[in-house]
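For the record, in the sequence shown the residue sitting at position 74 is 74 according to our numbering, with numbers rising by one throughout.
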Amino acid sequence: MKIYTKTGDRGETGLFGGRRVPKDDVRVAAYGDVDELNSTLGLAIVALDVAGVADVSDGLRQVQADLFTVGANLATPRPEDGGRENAHVPVLAEGSVEALERWIDRAEEELEPLKTFVLPGGSPAASALHLARTVCRRAERSVVGLAREATLGDAILRYLNRLSDLLFTLARLANHRAGIPDVPWIPNPR
Numbered sequence: 001m002k003i004y005t006k007t008g009d010r011g012e013t014g015l016f017g018g019r020r021v022p023k024d025d026v027r028v029a030a031y032g033d034v035d036e037l038n039s040t041l042g043l044a045i046v047a048l049d050v051a052g053v054a055d056v057s058d059g060l061r062q063v064q065a066d067l068f069t070v071g072a073n074l075a076t077p078r079p080e081d082g083g084r085e086n087a088h089v090p091v092l093a094e095g096s097v098e099a100l101e102r103w104i105d106r107a108e109e110e111l112e113p114l115k116t117f118v119l120p121g122g123s124p125a126a127s128a129l130h131l132a133r134t135v136c137r138r139a140e141r142s143v144v145g146l147a148r149e150a151t152l153g154d155a156i157l158r159y160l161n162r163l164s165d166l167l168f169t170l171a172r173l174a175n176h177r178a179g180i181p182d183v184p185w186i187p188n189p190r
């Protein structure tokens, strides 16, 4: 099978279920941002592996699988939105959000309590996780926009919101394990 189909050469793409929409459609933007987040997590995983933080990178591989599920759901309009019933689209596993929350809680046990805002940075792994966090927030904003005009349920939004919290916490954890302090934000005096 060839990688190129030429069906998008005029600025349209096909959703799961067959309907064609412009490539700048809010649905395409939402699953595109989730795809970018997934790729950014791949970069963070490489940085974590190099830093020897395998327990975190292993967990993020599951997050990547979850994000594929999220993207598939975003790319598939529900029947109430004019889509077809599609039994081949997986649903986000029950308890996915709670699993992220438990991971945050475990990571925070290793960290000093946060007393100030921190700037993105520190170790390469922490920097990659901070980048993933900001991409996650953008994906979340895109999905919020899609939710205004399509039926999504709240699991996807809850997952993305909690994931950005996790990525922030993991960035702090990566710095901690590398022996590099977080970079505190020191506002400029006026």
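All C-beta atoms, glycine included, are put in the ideal place defined by N, C-alpha and C.
State yes or no: is the C-beta of residue i within less than 9 Å of the C-beta of residue j?
| i | j | result |
| --- | --- | --- |
| Ala44 | Ala128 | yes |
| Arg20 | Gly82 | no |
| Pro124 | Ala47 | yes |
| Glu110 | Arg177 | yes |
| Pro120 | Ala171 | yes |
| Gly145 | Val28 | no |
| Phe16 | Val135 | no |
| Trp103 | Gly32 | no |
Mind checking whether the beta-carbon of residue i lies closer than 8 Å to any heavy atom of the ligand NAP?
| i | result |
| --- | --- |
| Ser57 | No copy of the ligand NAP occurs in the structure displayed, which carries no ligand at all. |
Among all the DSSP beta bridges, which residues are the ones paired with residue i?
| i | result |
| --- | --- |
| Leu119 | Val183 |
In this structure, how does DSSP classify residue i when only helix, strand and coil are distinguished?
| i | result |
| --- | --- |
| Pro195 | Within the shown structure, residues of the chain are numbered from 1 to 190, placing residue 195 beyond reach of any answer. |
| Asp66 | helix |
| Arg138 | helix |
| Arg84 | coil |
| Thr76 | coil |
| Ala99 | helix |
| Thr151 | coil |
| Ala247 | Nothing about residue 247 can be read from this structure; the chain reaches only from 1 to 190. |
| Asp191 | Summary: the structure shown does not reach residue 191, with the chain confined to residues 1 through 190, and so no result is reported for it. |
| Val53 | coil |
| Pro211 | The first residue shown for the chain is 1 and the last is 190, placing residue 211 beyond what the model contains. |
| Ile104 | helix |
| Ile3 | coil |
Less than 8 Å between the CB atoms is what I'm expecting for residue i and residue j, so what's the real figure, rounded?
| i | j | result |
| --- | --- | --- |
| Leu37 | Ala139 | 5 Å |
| Val118 | Leu74 | Not a contact, Cβ separation roughly 31 Å. |
| Val70 | Ile156 | 5 Å |
| Pro184 | Thr116 | 5 Å |
| Tyr159 | Ser57 | Not confirmed; about 19 Å, so no contact. |
| Leu152 | Ala107 | No, Leu152 and Ala107 are not in contact; Cβ-Cβ is about 28 Å, not under 8 Å. |
| Arg133 | Leu167 | 4 Å |
| Ala30 | Ser142 | 4 Å |
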